[in-house]
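Residue numbers (my numbering): 34 to 342.
For each residue, glycine too, the CB sits at the ideal point set by N, CA and C.
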Amino acid sequence: MDARITKSRLSNMLSYDWLKIIVAIVAAVLGLSVFFTTVAPRPREHQIFTVYAYRELADGEDAMELADTLKQRAVFSYDILNVESESFGTGQYSETAYVARMMAGEGTAMFTTTNSSVVTVDGEERETTVLEEVTSGEDLNLTLDTVQYLTDCENYLIRFFGENWRTGDLNRSEAERCFLNRNEKDRRFRSEEKRAAGIESEYKRLESLREDFALVSDKFADGTLSHAYVRDGGEEYPRAFRLGKLKGLSRLYYYPVEKDGKRESKTENICLVLFHRDDDAGKPAFFVENDLRYEAISFLRYLIDRYGD
Numbered sequence: 034m035d036a037r038i039t040k041s042r043l044s045n046m047l048s049y050d051w052l053k054i055i056v057a058i059v060a061a062v063l064g065l066s067v068f069f070t071t072v073a074p075r076p077r078e079h080q081i082f083t084v085y086a087y088r089e090l091a092d093g094e095d096a097m098e099l100a101d102t103l104k105q106r107a108v109f110s111y112d113i114l115n116v117e118s119e120s121f122g123t124g125q126y127s128e129t130a131y132v133a134r135m136m137a138g139e140g141t142a143m144f145t146t147t148n149s150s151v152v153t154v155d156g157e158e159r160e161t162t163v164l165e166e167v168t169s170g171e172d173l174n175l176t177l178d179t180v181q182y183l184t185d186c187e188n189y190l191i192r193f194f195g196e197n198w199r200t201g202d203l204n205r206s207e208a209e210r211c212f213l214n215r216n217e218k219d220r221r222f223r224s225e226e227k228r229a230a231g232i233e234s235e236y237k238r239l240e241s242l243r244e245d246f247a248l249v250s251d252k253f254a255d256g257t258l259s260h261a262y263v264r265d266g267g268e269e270y271p272r273a274f275r276l277g278k279l280k281g282l283s284r285l286y287y288y289p290v291e292k293d294g295k296r297e298s299k300t301e302n303i304c305l306v307l308f309h310r311d312d313d314a315g316k317p318a319f320f321v322e323n324d325l326r327y328e329a330i331s332f333l334r335y336l337i338d339r340y341g342d
């Protein structure tokens, strides 16, 4: 038997060994990928906060980085695991994309306007607003009643801080009960140590919500924020928060207007709608199932702080 080591045999052996090494590396990478995908917490319903901009709204300089900025500034509580943003313009497929998102039950909040719009109903043209297009008629229940939403949030805070929610002490046992009810099976809090840390984060979530709601309430009191109403069936319904008095809002979104041959960036008619993603509106606070429904209050606080000057 010829067992001599030749240049050809040595080359073949090394090539084979390199092949085995490469296969082993690929297998290890795939294995680690599967492992981390399996153990990583996946967002449950309501743990993704998604912001949309609709129709004629154009992106300002901050728009492209909105989701990343909200994450970096920790605008939301520990229980929001992902933040997303998307703009629906006036392009060919924009309305199709918007309808698809609505049918899938996606989206938390959306910027739109109260600008005039003309729609055709039964062959006749009718003047309306962009806000009414997306929140009246069959779509009336697509968005939340903003007056009821603020009332619900105040009642939610009373549950944890008492009637004098602005200065009352946090009921820690109630906060802990709320945390366990929502996160008892969450893999992030399996150990006693992590569960205790999670409960501390719950305390901070509620304290932050109180601070944010207090500021938002004050801005309604001084007229900085107000409600936008839509007409439907002879009635008017509050279906959005008016943001037009936030002077710096054009850095985020604006709508272009032609005036005297010049293109101007306007924000006066911009408003924010909140999508109906649970059945908790009007419920007594102790029976609210979606504790994260008030994260939009923190988003409003962010808008006020960043664009209110």
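Nearest to residue i by alpha carbon, out of the options?
i	options	result
Arg159	Pro317, Glu98, Val151	Val151
Leu99	Ala86, Arg296, Gly122	Ala86
Ile232	Ser120, Glu207, Arg243, Ala107	Glu207
Leu173	Ser250, Val132, Tyr270, Asp293	Tyr270
Pro317	Arg192, Glu225, Phe253	Arg192
Leu305	Lys278, Lys218, Ala247	Lys278
Tyr131	Arg243, Thr147, Val84	Val84
Glu165	Thr184, Thr145, Ser298	Thr145
Asn188	Leu213, Glu244, Val321, Val263	Val321
Arg334	Arg228, Asp324, Asp293, Phe253	Phe253
Arg275	Val180, Glu217, Trp198, Glu196	Val180
Arg272	Glu128, Gly201, Asp92, Ala261	Ala261
Leu336	Glu117, Ser234, Asp95	Asp95
Gly315	Glu139, His79, Arg339, Leu177	Leu177
Phe82	Lys104, Leu90, Met97	Lys104
Glu209	Gly140, Tyr236, Glu128	Tyr236
Asn214	Phe194, Asn323, Ser331	Asn323
Asn148	Gly341, Ala247, Thr162	Thr162
Phe121	Arg243, Leu175, Val167	Val167
What residue does the alpha helix (DSSP H) around residue i start on, and which one ends it?
i	result
Ala86	Here Ala86 belongs to no alpha helix (DSSP H); instead the beta strand (DSSP E) covers 81 to 87.
Lys227	225 to 254
Val290	Premise fails: Val290 lies in the beta strand (DSSP E), 286 to 292, not in any alpha helix (DSSP H).
Tyr270	From DSSP, Tyr270 is part of no alpha helix (DSSP H) but of the beta strand (DSSP E) over 268 to 275.
Thr200	Careful: Thr200 lies outside any alpha helix (DSSP H) and carries neither H nor E.
Leu190	179 to 194
Report the three-state DSSP secondary structure of residue i (helix, strand or coil).
i	result
Ala208	helix
Thr71	Per-residue confidence for Thr71 stands at a pLDDT of 40, beneath the threshold of 50, marking its modelled position as unreliable; no derived number is given.
Ser118	strand
Asp172	helix
Phe222	helix
Ala329	helix
Asp338	helix
Ser283	helix
Val56	Only weak support is given to the placement of Val56: the predicted model assigns it a pLDDT of 46, under 50, and the value that follows is read from those uncertain coordinates. Note: Val56 maps to helix in three-state DSSP.
Glu322	coil
Glu160	strand
Using 10 angstroms around the beta-carbon of residue i, count the other beta-carbons present and answer buried if the total reaches 16, otherwise exposed.
i	result
Ala329	buried
Asn302	buried
Arg326	buried
Gly124	exposed
Ser66	At Ser66, the pLDDT of 45 sits below 50, so the modelled position is not reliable and the matter cannot be decided from this model.
Phe319	exposed
Ala142	buried
Gly267	exposed
Val93	Note on identity: in this sequence residue 93 is Gly, with Val being the wrong assignment. Gly93 comes out buried.
Heavy atom of the ligand MN less than 7 Å from the Cβ of residue i, yes or no?
i	result
Asp92	Judged by which ligands are present, the structure shown has none, so any question about the ligand MN falls away.
How far does the beta strand (DSSP E) with residue i in it extend, from its first residue to its last?
i	result
Tyr17	Residue 17 is absent from the structure shown; the chain starts at 34 and stops at 342.
Ile303	303 to 307
Thr102	Where Thr102 is concerned, there is no enclosing beta strand (DSSP E), although the alpha helix (DSSP H) it sits in stretches over 99 to 105.
Phe144	142 to 146
Glu297	295 to 299
Val263	259 to 265
Contact between the segment 303 to 312 and the segment 108 to 127: three or more CB pairs below 8 Å?
no
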